[in-house]
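Here the structure comes first, spelled out in structure tokens, and everything after it is commentary.
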Amino acid sequence: WGYRCKLVAVLFIWIGLSGEDKPTDNAHAPTHPEHPARSSVGLEEVVIVIQSQRNSFHARRSYHKKVEILQQAAELEQGVPIVLLLHELSDYERDWSILPALPQLSAAYGESTSWFFFIEEETAVALPALIRVLNRYPVLESQEWFLGKRLHDKKASIIHH
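Heads up: the sequence shown runs through residues 1 to 161, numbered per the UniProt record's numbering.
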């Protein structure tokens with residue numbers, strides 16, 4: 001399914017700096033002089049997928065996040081992203097994982113979308129900052145980007161799956 005997408009990206013990216021983040025240099029920023037990025041990515045080229053669940057509490061929170069994002073886009077007047085609730089993409093009650101949805105998302109939106117942006121229902125999204133980040137990476141048919149924030153535990157931790 002990967003060949004259909006121009007880009008698949010951004011797993012749980014947090015736009016902006018939290019109190020523990022430290023600005024870093026641009027040593028890891030992409031540099032592609034042989035493949036310059038297009039002048040700009042519009043919001044209409046972004047599919048935002050909210051990792052949601054069917055129960056009423058989470059469905060309501062996800063719906064409010066969707067409305068918030070669409071209102072922000074309307075105020076910006078830079079296009080309107082497609083905003084999807086993950087629980088609406090499947091008939092299975094507990095299907096909230098991203099990986100099973102990727103083939104369906106690619107088939108439905110891969111030809112017209114440059115970026116898939118996956119967030120949780122409580123993720124703070126600033127669309128102008130998102131567009132600035134996405135415009136740092138060239139849109140190429142042969143290139144896929146997976147962007148995110150590194151995680152670091154200060155103490156040993158056990159993650160149960």
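Glycine residues also receive a C-beta, built at the ideal position from the N, C-alpha and C atoms.
As a quick exercise: from the options, pick the residue whose alpha carbon is nearest that of residue i.
i	options	result
Ile50	Gly110, Leu89, Ser114, Arg150	Leu89
Ala74	Ala126, Arg150, His152, Asn55	Ala126
Gly148	Asn55, Arg60, Phe116	Phe116
Ile119	Arg136, His87, Ala107	His87
Beta-carbon separation of residue i and residue j under 8 Å?
i	j	result
Val41	Ile131	yes
Ser114	Val139	yes
His58	Glu122	no
Leu43	Pro128	no
Val47	Leu105	yes
Tyr63	Ile82	no
Which first and last residues belong to the beta strand (DSSP E) in which residue i is found?
i	result
Ile119	115-120
Just curious, the alpha helix (DSSP H) that residue i is in, first and last residue?
i	result
Val133	127-134
Leu147	Looking at the DSSP string, Leu147 is not in any alpha helix (DSSP H), and its letter there is neither H nor E.
Ala101	Segment: none, Ala101 is in no alpha helix (DSSP H) and carries neither H nor E.
Whole angstroms is fine: what's the gap from residue i's alpha carbon to residue j's?
i	j	result
Glu45	Gln53	25 Å
Leu134	Lys66	20 Å
Leu70	Pro100	25 Å
Glu111	Arg60	30 Å
Considering only residues of the stretch 47-89, which uninterrupted beta strand (DSSP E) runs meet the minimum length of 3 residues and lie entirely inside it, listed in chain order? Those beta strand (DSSP E) runs which fall completely within the stretch 47-89 and span 3+ residues are 82-85.
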